[in-house]
Amino acid sequence: MEHLEDHERMDVWKTIEDALFNDQIDQFRAEFLDLHPYDQAKIFEEVEDDVRLQIYTYLSPEEVADVMEHIDYDEIEPFFTEMDPRFAAQVFAEMSTDDAVDILNELDKNKVASFLTIMDDDSAEEIKDLLHYEEKTAGSIMTTEFVVVKAGMTIREAMLHLRKEAPDAETIYYTYVIDEDKRLVGVISLRDLIISEEDWVISDVMSERVVSVSVGEDQEEIARMMRDYDFLALPVVDFQNHLLGIITVDDIMDVMEEEASDDYSKLAAISDVDGPDDRAFTSAKKRLPWLVILLFLGSLTASLIGRFEETLDQVAILAIFIPLIAGMAGNTGTQALAVAVRGIATGETYKQGKSKIVFREAGTGLITGISCGILIFLIVFIWQNNLYLGLLVGLSIMITLIVATLAGALVPLVMHRFNIDPAVASGPFITTINDLISILIYFGLATAFMSLLL
1 MEHLEDHERM
11 DVWKTIEDAL
21 FNDQIDQFRA
31 EFLDLHPYDQ
41 AKIFEEVEDD
51 VRLQIYTYLS
61 PEEVADVMEH
71 IDYDEIEPFF
81 TEMDPRFAAQ
91 VFAEMSTDDA
101 VDILNELDKN
111 KVASFLTIMD
121 DDSAEEIKDL
131 LHYEEKTAGS
141 IMTTEFVVVK
151 AGMTIREAML
161 HLRKEAPDAE
171 TIYYTYVIDE
181 DKRLVGVISL
191 RDLIISEEDW
201 VISDVMSERV
211 VSVSVGEDQE
221 EIARMMRDYD
231 FLALPVVDFQ
241 NHLLGIITVD
251 DIMDVMEEEA
261 SDDYSKLAAI
271 SDVDGPDDRA
281 FTSAKKRLPW
291 LVILLFLGSL
301 TASLIGRFEE
311 TLDQVAILAI
321 FIPLIAGMAG
331 NTGTQALAVA
341 VRGIATGETY
351 KQGKSKIVFR
361 EAGTGLITGI
371 SCGILIFLIV
381 FIWQNNLYLG
391 LLVGLSIMIT
401 LIVATLAGAL
411 VPLVMHRFNI
421 DPAVASGPFI
431 TTINDLISIL
441 IYFGLATAFM
451 SLLL
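Under UniProt numbering, the sequence shown has 140 at position 140, and the numbering climbs by one with no breaks.
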C-alpha cells in the first residue's frame, strides 16, 4: 500500500463512493479495505456524518477498530458517539487494549461505564485493569497483548505456543520469559527462536539481562530509555518483577509527539495547545492566566522605568536604547532557556552535569555580551559622537546578555531540581523577567554615568 496525498486520497474516495451509494457492498469493501488504515481514517474525518453511518453498516467492528486506531485521540469522541453503542463496544473490544484505554480516557466517564457494561467480560476486565493507572505512566500506555513463554519450555514448544498466540499479540519481535511465579526472568528475540535447535531449552538460549520499567514510571523517561537502547518494545513490571505488560515503539512515538506538543505550549505560555475546534472563548480562557501574570510583570517594568524619570529628563536620548537592551535580554534569555529545557527533556543534563551546562552558558553569555557590547559601542559612538554614551550602552548590553543568558539557563534547572516542569519557565516569562533585569542594569549604570553624560 502506498501513501496517498490528500488530493489523491479524496480522488480514490470518489471512485469508492459510487459503490457505497449504489449498495454494492462487496465492491465497496474490496476497494475501501485495500487502502491503508491511515488513509481510511483520513477519509472518515473528511466525509459527512450520514456517510460514516452507512460505512459502519458495511464494515465489521474489527475493521472499524483498525481505522479508529489511526485517528487522533483528542478528535475521536464524535465518531464513537455517533455509532450504535453496542457496535462501539465491540469496536473497543477489537482494538489493542492500550489504544482502547487511551481513547476511553478522552471520553465522558458515563459513556465509558456504559461501553464497559455492554462489552464482553474478558475485554472489559483487561481495559479496566489499565484504566486505573495514573495518566502518563508506564501502566497507562502499556498493552497486555503480548506473548510470554516459560523458561523450562523447549524451542519447539515455544514456537508452537508463539504460532498460537501471535495473531492476538501486538508484537512478537521480542518474546519475554517468565518463571512459575510469572516473574520476568529473560527475553528471547524472534531471530534467536528461529535459528535455535528445536530441542534446546529456552533458559539456555534467552538473555537474562532484561531492561524493564516499573509500572509507575513516567512516560517521558520511558521514551528516553527506548531511544537510548533502540528497543522495539519494553516490558513493564510491578515491584515484585511480575510481568504486567509491554510498551511498544508506536506508543512511544505518540508519547514523544504529546510531550513535544506539551512543552511547546508551555514555552509559549499556554497551558494547553489550542485544538482546531476550540471556540474563541475556550482559547482565550487557556491563554488569559499567563497573560494576566505577564501583564503584572510588565507593569513592574513600567514602574521601574518611572523610578528613573529624573534620569530620563536629564538625558532624554537614553530612552532610545530601552527597547534595544530589553529586546536583546529577552532574545538571549529565550535561547538559553530553549537549550536548558531541551537538555533536561533529552537527558543530556544528566550526562553532562548541571554545573557544566551553567558554566557553558556563562561562557556563551560572556562571549556574546562582549561581542555585542563592543559592536553597539562603536555604532553609538559614531552615530552620536559621544564616547560616554557609547560606553554606557555597550556596558549595559554586555552585562545584560551575561545575566540574561545565566537566568535563561538557571531558571529551568532550578525548577527541575524542585520537581517542577521546566517547560513552564516559558519564553514570555523569561523575557519579562529579563526586561526587569535589563532596565535595572541600564538605568543603574546611567545614574553612575550621569555626570559624564551631561
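Using N, Cα and C, we set each Cβ at its ideal position, and we do this for glycine too.
These figures come from a predicted structure and were not determined experimentally.
Does DSSP classify ASP66 as helix, strand or coil? In the sequence shown, the residue the question calls residue 66 occupies position 66. In this structure, ASP66 counts as helix in the three-state DSSP scheme.
How would you call LEU452, buried or exposed, if buried means at least 16 neighbouring beta carbons within 10 angstroms? Within the sequence shown, the letter at position 452 stands for residue 452. Counting the other CB atoms within 10 Å of its CB gives LEU452 a total below 16, which places it among the exposed residues.
Given 8 Å as the limit, is there contact between the region 205 to 214 and the region 159 to 171, that is, 3 or more CB pairs closer than that? With a cut-off of 8 Å, the region 159 to 171 and the region 205 to 214 do not count as touching, because too few Cβ pairs lie within range.
Candidates THR311, LYS356, ALA151, of which the one nearest LEU449 by Cα: In the sequence shown, residue 449 corresponds to position 449, counting from 1. At residue 449 the sequence reads Phe, which differs from the Leu that was named. Looking at the Cα atoms, THR311 is the closest of the given residues.
Buried or exposed for ASP34, going by 16 or more other Cβ atoms inside 10 Å? Translated into the one-based positions of the sequence shown, residue 34 becomes position 34. With a threshold of 16 other beta carbon atoms within 10 Å, ASP34 falls short and is exposed.
Three-state secondary structure assigned by DSSP to GLY186: Taking the sequence shown and counting its residues from 1, the one referred to as residue 186 is at position 186. The answer is strand: DSSP assigns GLY186 an E or B state.
Suppose the cutoff is 6 Å on Cβ atoms and the five residues either side in sequence are ignored; what does the same chain contact list for LEU232 look like? One-based indexing of the sequence shown puts residue 232 at position 232. Excluding five sequence positions before and after LEU232, the CB atoms of its chain that fall closer than 6 Å to its own CB belong to TYR173, VAL249, given in chain order.
Please classify ALA316 as buried or exposed, where buried requires at least 16 other C-beta atoms within 10 Å of its C-beta. By 1-based counting over the sequence shown, the position of residue 316 is 316. It is exposed - the Cβ of ALA316 has fewer than 16 other Cβ atoms within 10 Å.
Taking all protein chains shown into account, decide if ALA89 is buried (16 or more other Cβ within 10 angstroms of its Cβ) or exposed. As a position in the sequence shown, residue 89 is number 89, starting the count at 1. Within 10 angstroms of the beta-carbon of ALA89 lie 16 or more other beta-carbons, which makes it buried.
For LEU436, three-class secondary structure by DSSP: Start at 1 with the first residue of the sequence shown, and residue 436 comes out as number 436. In the structure shown, LEU436 falls within a helical segment according to DSSP collapsed to helix, strand and coil.
Quick one: give me the first and last residue of the alpha helix (DSSP H) that LYS128 is part of. Here residue 128 refers to the residue found at position 128 of the sequence shown. First-last of the alpha helix (DSSP H) with LYS128: 121 to 131.
Is the region 404 to 411 in contact with the region 326 to 336, if contact means three or more CB pairs nearer than 8 Å? Put simply, the region 404 to 411 touches the region 326 to 336. At least three CB pairs are less than 8 Å apart.
Go ahead and pull the three-state DSSP assignment for ILE374. As a working note, residue 374 is residue 374 in the sequence shown. The DSSP-derived three-state label of ILE374 is helix.
MET1 classed as buried or exposed, judged by whether at least 16 other C-beta atoms fall within 10 angstroms: For the purposes of this step, residue 1 is taken as the residue at position 1 of the sequence shown. With a pLDDT of 48 at MET1, under the threshold of 50, the predicted position of this residue should be treated as unreliable, though the coordinate-derived value follows. The residue is exposed, with fewer than 16 neighbouring Cβ atoms inside 10 Å.
Start and end of the beta strand (DSSP E) containing TYR173? Here residue 173 is taken as the residue at index 173 of the sequence shown, counted from 1. Note, TYR173: premise wrong, no beta strand (DSSP E); not H, not E.
Here's a check: name, in chain order, each residue in its chain whose Cβ is nearer than 6 Å to the Cβ of PHE321, leaving out the five neighbours to either side. Here residue 321 corresponds to residue number 321 of the sequence shown, with the count starting at 1. Closer than 6 Å at Cβ, skipping near neighbours: VAL393.
Going by DSSP, what residue range makes up the beta strand (DSSP E) through VAL101? In the sequence shown, the residue the question calls residue 101 occupies position 101. In the DSSP assignment, VAL101 falls outside any beta strand (DSSP E) and lies within the alpha helix (DSSP H) extending over 97 to 104.
Helix, strand or coil: how does DSSP classify residue 483 here? In this structure the chain extends from 1 to 454, so residue 483 is not present and cannot be described.
Extent of the continuous alpha helix (DSSP H) to which LEU406 belongs: Along the sequence shown, read from residue 1 onward, the residue named residue 406 stands at position 406. Segment 387 to 417, the alpha helix (DSSP H) holding LEU406.
VAL273 versus LEU244: straight-line alpha-carbon distance, rounded: Here residue 273 is taken as the residue at index 273 of the sequence shown, counted from 1. Here residue 244 is taken as the residue at index 244 of the sequence shown, counted from 1. With a pLDDT of 48 at VAL273, under the threshold of 50, the modelled position of that residue is not reliable, and no figure is offered here.
Reduced DSSP secondary structure (H/G/I, E/B, other) of THR144: As a first step, residue 144 must be located in the sequence shown, where it is residue number 144. If DSSP states are grouped into helix, strand and coil, THR144 belongs with coil.
Based on DSSP bridge pairs, tell me the residues matched to VAL201. Taking the first residue of the sequence shown as 1, we reach residue 201 at position 201. Beta-bridge pairing links VAL201 to THR154.
Cβ neighbour criterion (16 or more within 10 Å) applied to LEU184: Residue mapping note: residue 184 aligns to position 184 of the sequence shown, counting from 1. LEU184 is buried by the Cβ-count criterion.
Please tell me whether ALA138 and SER203 are closer than 8 Å, where the distance is taken between their beta carbons. Numbered from 1 along the sequence shown, position 138 holds the residue referred to as residue 138. Numbered from 1 along the sequence shown, position 203 holds the residue referred to as residue 203. Contact flag unset, no.
With a CB to CB cut of under 7 Å and the five nearest residues on each side skipped, what residues in its chain are close to VAL64? For this step, residue 64 is matched to residue 64 along the sequence shown. For VAL64, where only same-chain residues beyond five positions count, the Cβ hits under 7 Å are TYR56, VAL91.
Using the C-alpha atoms, what's the distance from ILE344 back to LEU391? Counting from 1 along the sequence shown, the entry for residue 391 is found at position 391. Counting from 1 along the sequence shown, the entry for residue 344 is found at position 344. Rounded to whole angstroms, LEU391 to ILE344 spans 38 Å at the Cα level.
Beta strand (DSSP E) segment containing PRO167, residue limits: Locating residue 167 in the sequence shown gives position 167, where the first residue counts as 1. Counting along the chain, no beta strand (DSSP E) covers PRO167, and no H or E run does either.
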